[in-house]
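There are 2 protein chains.
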Amino acid sequence: MDRMTDLASVAARAGVSLATASRVLSGNGPASAASRELVRAAAAELGYRPHPVARLLAQGRGTRVVLAIRDRRPSAWADPFGGRAAAGAALAADRAGLGVALRYLPLDCRGRLAEIAADRSVAALVLAGHDRATLEALPRGLRVATIGPSAGAGADVDSAAGFAALLRHLHDRGRRRIALVGGPRWLAAAGAPRRAYARMMREAGLPHRAVTGDVTAARGRLGARRILSRWPDTDAIVTISDATAAGVLQVLAERGIRVPDDVAVTGFDDVPLAGAIRPGLTTASHPVERIAEAACQAALDGSAGMRLFPSRAVVRQTT
Amino acid sequence: MDRMTDLASVAARAGVSLATASRVLSGNGPASAASRELVRAAAAELGYRPHPVARLLAQGRGTRVVLAIRDRRPSAWADPFGGRAAAGAALAADRAGLGVALRYLPLDCRGRLAEIAADRSVAALVLAGHDRATLEALPRGLRVATIGPSAGAGADVDSAAGFAALLRHLHDRGRRRIALVGGPRWLAAAGAPRRAYARMMREAGLPHRAVTGDVTAARGRLGARRILSRWPDTDAIVTISDATAAGVLQVLAERGIRVPDDVAVTGFDDVPLAGAIRPGLTTASHPVERIAEAACQAALDGSAGMRLFPSRAVVRQTT
DNA sequence: CTGTTAGCGCTTTCAT
DNA sequence: ATGAAAGCGCTAACAG
Chain A
1 MDRMTDLASV AARAGVSLAT ASRVLSGNGP ASAASRELVR AAAAELGYRP HPVARLLAQG
61 RGTRVVLAIR DRRPSAWADP FGGRAAAGAA LAADRAGLGV ALRYLPLDCR GRLAEIAADR
121 SVAALVLAGH DRATLEALPR GLRVATIGPS AGAGADVDSA AGFAALLRHL HDRGRRRIAL
181 VGGPRWLAAA GAPRRAYARM MREAGLPHRA VTGDVTAARG RLGARRILSR WPDTDAIVTI
241 SDATAAGVLQ VLAERGIRVP DDVAVTGFDD VPLAGAIRPG LTTASHPVER IAEAACQAAL
301 DGSAGMRLFP SRAVVRQTT
Chain B
1001 MDRMTDLASV AARAGVSLAT ASRVLSGNGP ASAASRELVR AAAAELGYRP HPVARLLAQG
1061 RGTRVVLAIR DRRPSAWADP FGGRAAAGAA LAADRAGLGV ALRYLPLDCR GRLAEIAADR
1121 SVAALVLAGH DRATLEALPR GLRVATIGPS AGAGADVDSA AGFAALLRHL HDRGRRRIAL
1181 VGGPRWLAAA GAPRRAYARM MREAGLPHRA VTGDVTAARG RLGARRILSR WPDTDAIVTI
1241 SDATAAGVLQ VLAERGIRVP DDVAVTGFDD VPLAGAIRPG LTTASHPVER IAEAACQAAL
1301 DGSAGMRLFP SRAVVRQTT
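Protein sequence lines correspond, in order, to chains A and B. Position 123 of the first sequence, counting from 1, maps to 123 under the working numbering, and the rest follow consecutively. To convert a position in the second sequence, counted from 1, into the working numbering, add 1000.
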């Protein structure tokens, strides 16, 4: 591969200094219309391509954004959510000439965060699954955005609203004994649904029937069994993940309980197969890629403020 | 944030030259045990962290690996496969101090490939969905690995074997009139299953019954209807994606055709919900993350040779 | 508005 | 085995 043309060649060809060429091509600093024209032309003729790495080094900025998920399970990236987030972030990073790296963070992640901050190849950090304490332990001097609630910059999905919409839908359909297979405390994403459920039940004067699950079908089965034995007259079961809902559906089918006639069921997330199975799973869909994209963008821009994305209820046949 | 220690400080503290410090810390070039010890100690005491960007610039290498998928649909990244591949690649890239950028490539992608090659921030390209012509159009002087068949470096899933295993399983269960909902020509990943099907049917002396679909439930429904009207005595339907299989299952259910008693069905890929629904979908599972990881690694190492990963049949209740 | 000149932090010849 | 010095390609003060 023959040597690629550099800024110096462009400057020479345009008859201006290196600095001027840099100014017009990078868009920073002043430049007369005349030289701007000259430099542009020279760059085009020479097929000049800036060298992002050199630029970043000179500016002291990093080359990649780290997308980190804090979770109890080291396999957290295997969740359907993980891949979608990675894809969204990588798309956004690409627009900035950067790349994204994935990291898994244990629940206690102070050390890891410090490591990330010390890595000068890191341009920004996008954090998911954090709690209050994590946010406070965030090293200063590191561009950060969050996926999920936080005071700083980032993006989030309004899962409280989405979950509430699902509950309201059930209520409208006449369901009054609604049970929840919620998530464990450490699962940050499960907090909003749990609170939305508690609030709705309280306000509507309905009984609070919650058991703890996670995001697997196995725990969905377990949850359903517990619910049916503790509250046999339950007429709806809401869950925090589609897989959990699928587990619930299994138990219901085994026991000859009709869905949605006897018991309605809802999932959460709208994974690929949710709409393809029969009965189609009522759930809420989340623009995960766009959320990750927005968070990535926010981290890079250093813009403060949270952007909230909708959690849209998708009514199918299980309700 | 106070200024971070650089190599010069380490060298000074160790009482050696910058060059020597560089040699021991980067592991390239000779160094006496004595100075090695000195430099290591100094680095540790100072909490020295190398600056990856500077290193990469000095070496003239890029900072990110581009993961590009060639497809007819610009939305290709939204496939379940996309996110998993992105996650795997980002994990591998991270280990090398790099990041991953995602690109969509149209079927005719020569221009795009040239662009990628001209971008000096690109350390390597991992290509998926390519065909023969694409491989030949690959710009020289660019580290490349493929996900999918190729003569060079990369990783692939042995989907021919996986699909054949599924067919053999059906045959063992006594199925003799097996129909295929295949993929369109342009969908590279559909080639191996199609050929495996054609070959198996021929060798077993069974009738060849194939219709064209894609990776959606809608085309699965359409495919199933076509198959049932053209070959009403079909006793098994194999597909190239779980969503397609789900579509097939819908049509079968609508018509009161029992699964697997009357007709067996198989999917392909083992998406998250495949095992959670009832009847559980028989399919083949693919270590997509590990494949992307291996391809990424291969591209960065510049190591030639393809690594083949198994496509493992997962028998559940639809067969 | 423009040119000169130092860096950015590390690698890598080239002598010694 | 080691050191001096020349880059890698670009940006950003600083003068003018």
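Note that CB positions come from ideal geometry on N, CA and C, so glycine has one too. On a predicted model such as this, the values are computed, not experimentally measured, just so you know.
Asked: Minimum length 3: unbroken beta strand (DSSP E) runs contained in the segment 30-78 of chain A; Found: 64-70
Asked: Presumed contact (8 Å Cβ cut-off) between B/Phe-1163 and B/Ala-1124, rounded CB distance; Found: Not confirmed; about 30 Å, so no contact.
Asked: Selected residue, minimal CA-CA separation from A/Gly-183, among A/Ala-217, A/Arg-95, A/Asp-158; Found: A/Ala-217
Asked: Per-residue burial, A/His-51 [other beta carbons within 10 Å of its own, 16 or more giving buried]; Found: buried
Asked: Proximal residues, the segment 50-61 of chain A versus chain B, C-beta separation under 7 Å; Found: His-51, Pro-52, Val-53, Ala-54, Leu-56, Leu-57
Asked: Test item: CB-CB of A/Leu-142 and A/Ala-117 under 9 Å; Found: yes
Asked: Separation of B/Ala-1145 from B/Cys-1296, as counted between CA atoms; Found: 7 Å
Asked: C-beta neighbour in chain B for A/Gln-250, strict 9 Å; Found: yes
Asked: B/Ile-1277 at chain A interface by Cβ criterion, 9 Å; Found: yes
Asked: Per-residue DSSP class, three states only, for B/Asp-1002; Found: Summary for B/Asp-1002: the model assigns pLDDT 49, below 50, so the residue's position carries little reliability; its value from the coordinates is reported in the next sentence. DSSP places B/Asp-1002 in coil when its eight states are reduced to three.
Asked: Cβ-based burial, B/Asp-1269 [other Cβ within 10 Å; buried from 16]; Found: buried
Asked: Cutoff 9 Å: B/Asp-1091 Cβ touching any chain A Cβ; Found: The question names Asp, yet the displayed sequence has Leu at residue 1091 of chain B. Cβ-Cβ to chain A under 9 Å: yes for B/Leu-1091.
Asked: Contacts that B/Leu-1300 makes with chain A (C-beta to C-beta distance below 9 Å); Found: Per Cβ cutoff of 9 Å: no residues; B/Leu-1300 is ~12 Å from chain A at best.
Asked: Min CB distance A/Trp-186 to chain B below 9 Å; Found: no
Asked: Span separating the alpha-carbon of A/Thr-134 from that of B/Leu-1222; Found: 50 Å
Asked: Backbone CA spacing between A/Ala-308 and A/Leu-127 [nearest angstrom]; Found: Before going further, note that residue 308 of chain A is Leu rather than Ala in the sequence given. Near 16 Å, if we compare the C-alpha coordinates of A/Leu-127 and A/Leu-308.
Asked: Rounded C-alpha distance that separates B/Ala-1076 from B/Leu-1067; Found: 12 Å
Asked: B/Ile-1227: first and last residue of the uninterrupted alpha helix (DSSP H) it sits in; Found: 1217-1230
Asked: Buried or exposed by the 16-neighbour rule on C-beta atoms within 10 Å, applied to A/His-286; Found: buried
Asked: Contact set for A/Ala-190: own chain, Cβ-Cβ below 8 Å, skip 5 residues either direction; Found: Gly-182, Gly-183, Pro-184, Ile-240
Asked: Beta-carbon gap between A/Arg-40 and A/Val-24 smaller than 9 Å; Found: yes
Asked: Interface residues of chain A facing B/Gly-1247 [CB-CB closer than 9 Å]; Found: Ala-276
Asked: Chain A within 9 Å of B/Arg-1120, Cβ atoms only; Found: yes
Asked: Member of B/Val-1271, B/Pro-1193, B/Ala-1137 whose CA lies at the smallest distance from the CA of B/Arg-1112; Found: B/Ala-1137
Asked: Paired residues, beta bridge with B/Ser-1009 - DSSP; Found: The partner list for B/Ser-1009 (beta bridge, DSSP) is empty, contrary to what the question assumes.
Asked: Test: B/Gly-1162 CB closer than 9 Å to a CB of chain A; Found: no
Asked: B/Leu-1281 versus A/Gly-154: straight-line alpha-carbon distance, rounded; Found: 38 Å
Asked: Spatial distance of A/Ser-35 from B/Gly-1099 (CA atoms); Found: 36 Å
Asked: CA-to-CA distance, A/Gly-129 to A/Ile-69, given in whole angstroms; Found: 6 Å
Asked: Close Cβ partners of B/Leu-1170 (< 8 Å) along its chain, the five nearest in sequence each way excluded; Found: Ile-1178, Ala-1236, Val-1238, Ala-1264, Thr-1266, Thr-1319
Asked: Residue of B/Gly-1152, B/Ala-1246, B/Glu-1115, B/Ala-1114 minimising C-alpha distance to B/Arg-1132; Found: B/Gly-1152
Asked: Exposure of A/Met-201, with buried meaning 16 or more beta-carbon neighbours within 10 Å; Found: buried
Asked: Heavy atom of the ligand SAH within 8 Å of A/Phe-163 beta-carbon; Found: Within the structure as shown, the ligand SAH is missing, as the structure has no ligands at all.
Asked: With 16 other Cβ atoms within 10 Å as the buried cut-off, status of B/Arg-1140; Found: exposed
Asked: Given B/Gly-1060 as reference, the closest of A/Gly-205, A/Met-4, A/Trp-186 once Cα atoms are compared; Found: A/Met-4
Asked: B/Asp-1242: first and last residue of the uninterrupted alpha helix (DSSP H) it sits in; Found: 1242-1254
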